[in-house]
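Student: Questions regarding the structure given below will be posed in turn.
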Amino acid sequence: MGFSSTSLHLYPSQSLHLYKTIHEIQPRSLIPPRRQSPRLSRVLSRTSINGCDSLMMRSSRKMSIGESLQRKRVFFRFQTRASELESRFPEEEDGQIEVGRGNGGKIAVGSAITVVLAVVNRVLYKLALVPMKEYPFFMAQVTTFGYVAFYFSFLYMRYRAGIVTKEMLGIPKKLFVAIGFLEALGVAAGMAAGAMLPGPAIPILNQTFLVWQLIFSVWVLGREYSFSQTFGCILVAAGVVVAVSSGANDAGTLSEVEFLWPALMIASSAFQAGASILKEFVFIDASKRLKGKPLDLFVVNSFGSGYQALFVLLLLPLLSSLKGIPFAELPSYLRSGAGCFLNIGANTTGKFSSFRTAIYLQYTNRTAHNLEQNNLNWDVKLSSGCEGAPLLPLLYIAVNMAFNISVLYLVKISSAVVSSLAATLAVPLSIYVLTLPLPYIPQGDGLSPFFVIGSAILVLGLALYNIPQPANKGSKSD
């Protein structure tokens with residue numbers, strides 16, 4: 000994507016020089032001969048922040064707010080392109096230039112591992128909800144706050160071992176705050192919309208995540224995608240929609256739902272997609288700050304999860320109310336959830352608290368008014384219902400951690416869009432696995448023709464996206 004003289008208010012000669020600096024330097028010209036390393040340094044110095052900033056600030060008239068925001072966006076993309084050049088062509092001590100992250104073999108292996116872990120993660124989540132079916136909100140909080148303790152503990156061990164350096168820990172934390180805030184907003188918006196939407200509509204609307212990633216990748220990072228890549232991503236999302244909607248009936252349509260709730264679910268996907276793009280930029284920017292040394296995964300995982308947990312904690316009253324749990328009853332709910340998680344103290348007798356009443360009414364289709372009219376005794380013998388715990392929930396948590404790490408590793412060596420494509424491929428595979436006989440889950444129905452058609456569309460989209468692209472001056476695609 001070029002930089003026009005009108006958008007930056009440059010003289011024609013300056014604009015042409017800036018255009019050539021960024022777009023006409025190809026990776027092949029930077030590899031041989033060995034003595035080109037100083038040239039790379041000069042090129043990067045021309046595209047430094049200070050140089051760009053001094054050119055961008057040359058304006059004799061006062062800028063409007065819109066122009067100021069436009070210039071900041073262009074400057075951010077300019078900085079990203081310069082950082083990518085440094086990360087892809089770091090200078091070795093002996094003067095050689097090493098080709099950077101674009102290793103096709105690593106990306107293929109990383110994608111395969113991510114797909115496998117994504118399938119196992121989805122299946123284990125279904126299995127974990129068998130004993131924890133009345134406590135999904137408890138499971139969500141365990142994964143949010145439990146991961147913070149695990150990631151920071153592991154980060155501390157890697158720091159003590161010398162793998163994580165002080166320079167890595169000293170990178171600016173503003174982006175991590177933004178990542179945590181966006182992910183917390185995504186959780187809150189997703190919970191609010193999920194409570195009002197029919198079940199089959201939720202995974203369909205979630206496929207807008209990939210579309211949002213493409214938009215943010217172009218708009219924020221300045222990436223350029225060919226028509227086949229863009230169309231391939233659209234086919235992937237469409238294939239998942241066809242596959243997951245094959246079993247939907249009239250109750251799964253959106254005709255009787257207010258427009259606000261589907262829009263809120265789409266906004267939730269946008270928040271999470273924005274967070275994933277910011278994580279990709281963190282790796283790009285850190286490579287520049289660390290002079291070509293890659294940033295450790297657990298730095299991003301730890302601080303991103305930490306700020307997410309902080310904002311989730313601030314939103315906890317809202318989140319609990321969205322799940323039908325009064326905030327005053329939250330401690331009692333968490334204690335009961337912990338008892339079920341550990342499979343202890345389940346067979347007890349006592350009065351229903353508010354959240355138990357809500358669960359009871361949900362499964363018996365009775366109202367509180369009917370209960371009062373019939374003078375029903377709310378003292379009941381609670382059945383265990385927690386068979387499979389704590390093994391299944393612990394297995395899910397362990398695999399979910401491994402899946403999150405694999406996704407972030409794939410973002411590091413490729414891009415956020417590639418990692419999303421790998422995770423998206425797992426959706427129909429997970430549906431197929433869930434049709435097989437599994438412990439604690441009865442065998443599902445057979446696969447419909449729509450599922451097969453949707454899977455074929457998805458595979459076609461992946462093939463289109465991965466077709467080798469001809470080298471294009473001034474463009475960078477994933």
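Numbering-wise (numbering that gives the first Met the number 0), the sequence shown opens with residue 0 and increments by one.
Note that CB positions come from ideal geometry on N, CA and C, so glycine has one too.
Predicted, not measured: the structure shown is a model, and the values here were computed from it.
Go ahead and label Pro448 buried or exposed: buried means 16 or more other beta carbons lie within 10 angstroms of its beta carbon, across all protein chains shown.
Tutor: Pro448 should be labelled exposed.
Student: According to DSSP, is Leu481 part of a helix, a strand, or is it coil?
Tutor: Because the chain is modelled from 0 through 477, residue 481 falls outside the range shown and cannot be assessed.
Student: Leaving out five residues on either side along the sequence, give the residues of the same chain with a beta carbon under 6 Å from the beta carbon of Phe175.
Tutor: Same-chain partners within the cutoff: Phe302, Gly303 and Tyr306.
Student: Looking at C-alpha atoms only, which residue of Asn465, Asn300 and Ala285 is the closest neighbour of Pro293?
Tutor: Ranking Asn465, Asn300 and Ala285 by Cα distance to Pro293 puts Ala285 first.
Student: What's the gap between the Cα of Ser335 and the Cα of Tyr150?
Tutor: Cα to Cα, Ser335 sits roughly 26 Å from Tyr150.
Student: Span of the alpha helix (DSSP H) holding Thr113?
Tutor: It spans Gly103 to Ala127 - the alpha helix (DSSP H) in which Thr113 sits, taken as one unbroken run.
Student: Got a sec? Which residues, its chain only, sit under 8 Å from Ile412 by beta carbon, not counting five neighbours each side?
Tutor: Answer for Ile412: Arg100, Asn102, Lys105, Ile106 and Gly109, listed in chain order.
Student: Buried or exposed: where does Arg121 fall if 16 or more other Cβ atoms within 10 Å of its Cβ makes it buried?
Tutor: Its Cβ being crowded by 16 or more others within 10 Å, Arg121 is buried.
Student: Closest to Phe180 by CA distance: which of Val426, Val398, Ile430 and Ala308 is it?
Tutor: Checking every option, the nearest Cα to that of Phe180 belongs to Ala308.
Student: Taking all protein chains shown into account, decide if Ala462 is buried (16 or more other Cβ within 10 angstroms of its Cβ) or exposed.
Tutor: With fewer than 16 Cβ atoms within 10 Å of its Cβ, Ala462 is classed as exposed.
Student: Within the same chain, show all residues whose beta-carbon is closer than 8 Å to that of Gly145, passing over the 5 residues directly before and after it, in chain order.
Tutor: Around Gly145: Ile396.
Student: Beta-carbon separation of Ile276 and Leu204 under 7 Å?
Tutor: Going by C-beta atoms, Ile276 is not nearer than 7 Å to Leu204.
Student: May I have the straight-line CA-CA distance separating Tyr408 from Leu428, to the nearest angstrom?
Tutor: Those two C-alpha atoms are separated by around 22 Å.
Student: If you draw a straight line from the alpha carbon of Ser320 to that of Ala194, how long is it in whole angstroms?
Tutor: Looking at the two C-alpha atoms, the distance is approximately 11 Å.
Student: What do you get for Leu315, buried or exposed, if any count of 16 or more other CB atoms within 10 angstroms of its CB means buried?
Tutor: Leu315 should be labelled exposed.
Student: Val239 by DSSP, collapsed to three states: which one?
Tutor: Helix, per DSSP.
Student: Thinking C-beta only, is Ala148 closer than 7 Å to Leu263?
Tutor: No.
Student: Buried or exposed: Arg159, going by 16 or more other Cβ atoms within 10 Å of its Cβ?
Tutor: The residue in question, Arg159, is exposed, as its Cβ has fewer than 16 Cβ neighbours within 10 Å.
Student: Can you list, in chain order, the residues of its chain whose CB lies under 7 Å from that of Phe226, leaving out five sequence neighbours each side?
Tutor: No residues qualify anywhere along the chain.
Student: Among Gly238, Tyr464 and Gly273, which residue has its Cα nearest to the Cα of Val451?
Tutor: Nearest option by C-alpha distance: Gly238.
Student: Cβ atoms of Val410 and Lys278: under 7 Å apart, would you say?
Tutor: Cβ distance < 7 Å, so Lys278 and Val410 count as in contact.
Student: The alpha helix (DSSP H) that contains Gly291, what's its start and end?
Tutor: Segment: none, Gly291 is in no alpha helix (DSSP H) and carries neither H nor E.
Student: Just to confirm my understanding: we take Thr142, look at its own chain, exclude 5 residues before and 5 after, and list those with CB closer than 8 Å. What are they?
Tutor: Cβ within range, chain order: Ile396 and Asn399.
Student: Quick one, are the C-beta atoms of Met167 and Val298 less than 7 Å apart?
Tutor: Contact flag set, yes.
Student: Just reading off the alpha helix (DSSP H) that Ser244 is part of, what are its end residues?
Tutor: Counting along the chain, Ser244 falls outside any alpha helix (DSSP H), and DSSP gives it neither H nor E.
Student: Are Ala212 and Ala415 closer than 7 Å when you measure CB to CB?
Tutor: First, the amino acid is wrong: residue 212 is Gln here, not Ala. In this structure, Ala415 lies closer than 7 Å to Gln212 by Cβ.
Student: Find out if the Cβ-Cβ distance for the pair Gly460, Gly231 is shorter than 7 Å.
Tutor: Contact flag set, yes.
Student: Return the chain-ordered list of same chain residues with a C-beta closer than 6 Å to the C-beta of Gly185, the five sequence neighbours on each side being excluded.
Tutor: Counting only Cβ-Cβ distances below 6 Å, and skipping sequence neighbours, we find Ser267, Phe270 and Gln271.
Student: Below 8 Å on the Cβ atoms is my contact criterion, and I expect Val114 with Ala388 to pass it. Report the Cβ-Cβ distance as a whole number of Å.
Tutor: Contact doesn't hold; Cβ gap of about 28 Å is too wide.
Student: Tell me the DSSP secondary structure of Phe351 in three-state form.
Tutor: Bear in mind that the predicted position of Phe351 carries a pLDDT of just 35, short of 50, making it too unreliable to give a figure here.
Student: Apply the 10 Å Cβ neighbour rule to Ala367 and answer buried if 16 or more other Cβ atoms are within range, or exposed otherwise.
Tutor: At Ala367 the pLDDT is 42, less than 50, meaning the model places this residue with poor confidence; the figure from the coordinates comes in the next sentence. Ala367 should be labelled exposed.
Student: Run the CB neighbour count on Glu182, radius 10 Å, all protein chains shown included, and call it buried at 16 or more, exposed below.
Tutor: Glu182 comes out buried.
Student: For the alpha helix (DSSP H) holding Asn399, just list the boundary residues, first then last.
Tutor: Start and end: Leu390 to Ile412.
Student: Going by beta carbon distance, what residues of the same chain come within less than 7 Å of Val406, once the five residues before and after it are set aside?
Tutor: Taken in chain order, the residues that qualify are Thr113, Ser418 and Ala422.
Student: If distances are taken between C-alpha atoms only, which option among Ala177, Pro438, Pro392 and Lys290 comes closest to Phe340?
Tutor: Of Ala177, Pro438, Pro392 and Lys290, the residue nearest in Cα terms is Pro392.
Student: Go through the stretch 295 to 347 residue by residue and report every complete run of the beta strand (DSSP E) that reaches 3 residues or more, in order.
Tutor: Complete beta strand (DSSP E) runs here, min 3: none at all.
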